[in-house]
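In the UniProt record's numbering, the protein residues as written are 1 to 330.
Glycine included, C-beta positions come from ideal geometry on N, C-alpha and C.
Below: the structure, in structure tokens.
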């Protein structure tokens, strides 16, 4: 898929970008990989680890459409991972979040169209489904922009899709490093917001491989959602520190009891495949693709009316040992 191709990753110095570059170099023979981000220190550090001839490092911000256009010249595939992701920071700095997550998404689309990029996948989040905080709301708008971009491409080859998944094990924003820090500091108890709270969990490797696979599957306009396991946060805490008591502190502002990735209101648009779901576009495209048969021949079937894929009604659950094994493998 990516052999002798040029790939650009926005937000390429983040945890996703670094691992994505590593896996691209291990699994394929790309012609060029462009790491696009605004952090010169992280780019310098990353260039010490990845200095292969195919590597390029572009300092730039997704808020700058002209710079994106320059960076995408000659690019075949784009992975849009850049975003402001911290929920409290978004609430306190709403305009900044909008500039990056919404205006930045539009700039990525325009730059991709200007360069007739072949395929673009934007990374989304469970928080974009029935959003209750600004971060989720901006990502919902971003998702809508990337889906609708397939209607404005005209004769260009470029197609756009979205990948949505839940918590990445061990990422900077997850509860796992927070709990580790508390345990190392010798705290006497671990805070849990609600004893019934659940979350989806996926490893970084699984998330990246899912993105790679969807470049093969996509027809344009899909929101891809992987089937991944859930876990009670109280069980996660007990797995990390079996002898530490738990303190229930209450749900924080902007926080949900369960994560949602396929809302019930979209059930009439949702298809189930063997290892993932696809939320098809609510709008009609001129090309009118058939989504129940994807580009690699996999077949999907409509879900039941009212179906909702959330971490509380999941069919697959992590045991404490399985969680520890996933953490160790990650």
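With a CB to CB cut of under 8 Å and the five nearest residues on each side skipped, what residues in its chain are close to residue i?
i, result
"residue 1", "28, 212, 215, 216"
"residue 241", "179, 183, 190"
"residue 131", "137, 139, 140"
"residue 47", "55, 57"
"residue 187", "244"
"residue 92", "none"
"residue 289", "219, 220, 221"
"residue 94", "134"
"residue 115", "69, 72, 73, 74, 75"
With H, G and I counted as helix, E and B as strand and the rest as coil, what does DSSP make of residue i?
i, result
"residue 57", "strand"
"residue 295", "coil"
"residue 84", "coil"
"residue 146", "helix"
"residue 179", "helix"
"residue 245", "coil"
"residue 8", "strand"
"residue 199", "strand"
"residue 123", "strand"
"residue 253", "coil"
"residue 159", "strand"
"residue 30", "coil"
"residue 132", "coil"
"residue 289", "coil"
"residue 78", "strand"
"residue 36", "strand"
"residue 108", "helix"
Please return the same chain residues whose Cβ sits closer than 7 Å to the Cβ of residue i, not counting the five positions on each side in sequence.
i, result
"residue 299", "292, 293"
"residue 238", "320"
"residue 36", "8, 9, 10, 12, 58, 60, 71"
"residue 110", "65"
"residue 255", "193"
"residue 317", "229, 230, 231"
"residue 24", "2, 7, 30, 33"
"residue 324", "239"
"residue 282", "269"
By Cβ distance below 6 Å, which residues in the same chain neighbour residue i in space, the five residues on each side in sequence not counted?
i, result
"residue 136", "127, 128"
"residue 50", "21"
"residue 251", "193, 194"
"residue 303", "267, 270, 272"
"residue 312", "198, 258"
"residue 171", "15"
"residue 233", "192, 197"
"residue 96", "none"
Please name the residue or residues paired with residue i in a DSSP beta bridge.
i, result
"residue 271", "278, 302"
"residue 231", "199"
"residue 309", "262"
"residue 167", "201"
"residue 190", "246"
"residue 225", "277"
Would you call the CB atoms of residue i and residue j closer than 7 Å?
i, j, result
"residue 201", "residue 169", "yes"
"residue 310", "residue 258", "yes"
"residue 107", "residue 140", "no"
"residue 223", "residue 279", "yes"
"residue 220", "residue 165", "no"
"residue 81", "residue 16", "yes"
"residue 54", "residue 33", "yes"
"residue 124", "residue 162", "yes"
"residue 113", "residue 158", "yes"
"residue 195", "residue 121", "no"
"residue 275", "residue 227", "yes"
"residue 285", "residue 133", "no"
"residue 76", "residue 5", "yes"
"residue 264", "residue 328", "no"
"residue 301", "residue 262", "no"
Take every Cβ of the segment 64-72, pair it with every Cβ of the segment 40-54, and state whether three or more of those distances are shorter than 8 Å.
They do not touch, by the three-pair rule.
Mind the definition here: the segment 84-102 touches the segment 146-161 only if three or more C-beta pairs lie below 8 Å; say whether that holds.
These segments do not touch.
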